[in-house]
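Below is one structure, written out as structure tokens; the observations come after it.
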Amino acid sequence: MSDFPASLLILNGKSASTPELRDAVTQLRDEGVVIHVRVTWEKGDAERYVEEAVALQVATVIAGGGDGTINEVATALIQCDSEQVPALGIVPLGTANDFATSVNIPTDMANALKLAIAGRDVPVDIAQVNNETCFINMATGGFGTRITTETPEKLKSALGGVSYLIHGLMRMDTLKPDRCEIRGENFSWQGDALVIGIGNGRQAGGGQQLCPEALIDDGLLHLRIFTGEELLPALLNTLASDDGKENLVDSVSPWFEVTASHEMTFNLDGEPLCGTSFRMEILPAALRCRLPPDCPLLR
Numbered sequence: 061m062s063d064f065p066a067s068l069l070i071l072n073g074k075s076a077s078t079p080e081l082r083d084a085v086t087q088l089r090d091e092g093v094v095i096h097v098r099v100t101w102e103k104g105d106a107e108r109y110v111e112e113a114v115a116l117q118v119a120t121v122i123a124g125g126g127d128g129t130i131n132e133v134a135t136a137l138i139q140c141d142s143e144q145v146p147a148l149g150i151v152p153l154g155t156a157n158d159f160a161t162s163v164n165i166p167t168d169m170a171n172a173l174k175l176a177i178a179g180r181d182v183p184v185d186i187a188q189v190n191n192e193t194c195f196i197n198m199a200t201g202g203f204g205t206r207i208t209t210e211t212p213e214k215l216k217s218a219l220g221g222v223s224y225l226i227h228g229l230m231r232m233d234t235l236k237p238d239r240c241e242i243r244g245e246n247f248s249w250q251g252d253a254l255v256i257g258i259g260n261g262r263q264a265g266g267g268q269q270l271c272p273e274a275l276i277d278d279g280l281l282h283l284r285i286f287t288g289e290e291l292l293p294a295l296l297n298t299l300a301s302d303d304g305k306e307n308l309v310d311s312v313s314p315w316f317e318v319t320a321s322h323e324m325t326f327n328l329d330g331e332p333l334c335g336t337s338f339r340m341e342i343l344p345a346a347l348r349c350r351l352p353p354d355c356p357l358l359r
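In my numbering, the protein residues as written are 61 to 359.
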């Protein structure tokens, strides 16, 4: 273990007191592994810690948290102006852990930490939105986005990913589609969208497979629209499998543009972004990530 290169663990402040992770870090340190630990308090901390990681010349920056923490660390890594950019490691500590779950990161803290330090690093894609912010997993819009952003923290802490479904069923009064236009390479659609998923990864909202065929190293974004012509059937299709494809529109493209006459909100790995125009494009192989050998999102 002592031969393994150093790493820097960036912990979401909400997860800093996790006993299992503290034990895992202590055990590896006792075996001679160098692990620097930093805790985030406010937005921008992850970017500063990534800069510190580059200065320390660590091999890996580990994101310890949920999808939002992973996204923040990944975004900071691709913005590094350095010849030696650390790889991304993942320790899932969030509510839904959609990205970590879909790439088969172990749920056991000790195993996840070992993988984050010693796993093979592979090039993966990341998506950029309006040439500014990014997402590594998925951008979701429509009813599903309103639910995930409105679900109370206490409910998420108590029930995990299923809390999104329960809160959604409680808020059926807000069920309404977004009228918008979506364009991509050799693709154009206009209409009422109940749920929009634009995925580099496959799932969001606590386990919903919105883009079930997405890969994180294919240079493509996967689009799935649940149309709003019939609201209740469309919602049921969202929660079910691939039945009822009459309510689905699918496409793949290196980029997608979404425009609407009214303000829409997209959830980018947990971070809301509001506007009337969104351009989302893939940045192929922009990041190296330590993933298990059985990762299903790799070609």
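Glycine included, every Cβ here is placed at the ideal spot set by N, Cα and C.
From R180 to S313, what distance separates their C-alpha atoms? 28 angstroms
Over the uninterrupted beta strand (DSSP E) stretch that includes L283, give me the two end residues. L281 to T287
Would you kindly work out how many angstroms separate the C-alpha atoms of E245 and V145, rounded to a whole number? 31 angstroms
Just tell me which of V118, G92 and I130 has its CA closest to the CA of A106. I130
Below 8 angstroms on the Cβ atoms is my guess for I184 versus C349; work out the distance and round it to an integer in Å. Note that residue 184 is Val in the sequence shown, not Ile. Confirmed, about 5 angstroms.
At the level of alpha carbons, what is the spacing between V97 and E273? 35 angstroms
Less than 8 angstroms between the CB atoms is what I'm expecting for G124 and I70, so what's the real figure, rounded? 6 angstroms
Considering just the uninterrupted stretch of the beta strand (DSSP E) at F247, what are its terminal residues? F247 to G259
Taking the DSSP output, what are the residues bridged to D238? A253
Does the stretch 251-263 come within contact of the stretch 278-285, defined as at least 3 CB pairs closer than 8 angstroms? yes
Please state whether DSSP places S311 in a helix, a strand or coil. strand
Run through the stretch 87-160 for me and flag every whole beta strand (DSSP E) of 3 or more residues, listed as ranges in chain order. 95-99, 120-125 and 147-152
Pair within 7 angstroms by beta-carbon distance, S67 and I177: yes
On the CB-based measure, 16 or more other CB atoms within 10 Å of its CB, does N371 come out buried or exposed? Because the chain is modelled from 61 through 359, residue 371 falls outside the range shown and cannot be assessed.
Which residue comes first and which comes last in the alpha helix (DSSP H) that contains A66? Counting along the chain, A66 falls outside any alpha helix (DSSP H), and DSSP gives it neither H nor E.
Member of I276, S337, E111 and M198 whose CA lies at the smallest distance from the CA of C240: S337
Identify the continuous beta strand (DSSP E) that holds L333 and give its terminal residues. E331 to R350
Among residues of its own chain, excluding the 5 on either side of L358, which ones have a beta-carbon nearer than 6 angstroms to its beta-carbon? D277
For the beta strand (DSSP E) that L186 lies in, which residues bound it at each end? Reading off the sequence shown, one finds Ile at residue 186, where the question assumed Leu. Run containing I186: D181 to V189, per the beta strand (DSSP E) assignment.
Could you pull the start and end residues of the beta strand (DSSP E) that A199 belongs to? M198 to G202
Please classify R284 as buried or exposed, where buried requires at least 16 neighbouring CB atoms within 10 angstroms. buried
Using the C-alpha atoms, what's the distance from E132 back to I122? 11 angstroms
If you follow the alpha helix (DSSP H) that L275 is part of, which residue opens it and which one closes it? Where L275 is concerned, there is no enclosing alpha helix (DSSP H), given that its DSSP letter is neither H nor E.
Is DSSP giving L175 helix, strand or coil here? helix
L81 in three-state terms, based on DSSP: helix
Counting Cβ pairs, one atom from each stretch, are 3 or more of them under 8 angstroms apart for the stretch 153-161 and the stretch 99-117? no
Using a threshold of 7 angstroms, state whether the C-beta atoms of V182 and L351 are closer than that. yes
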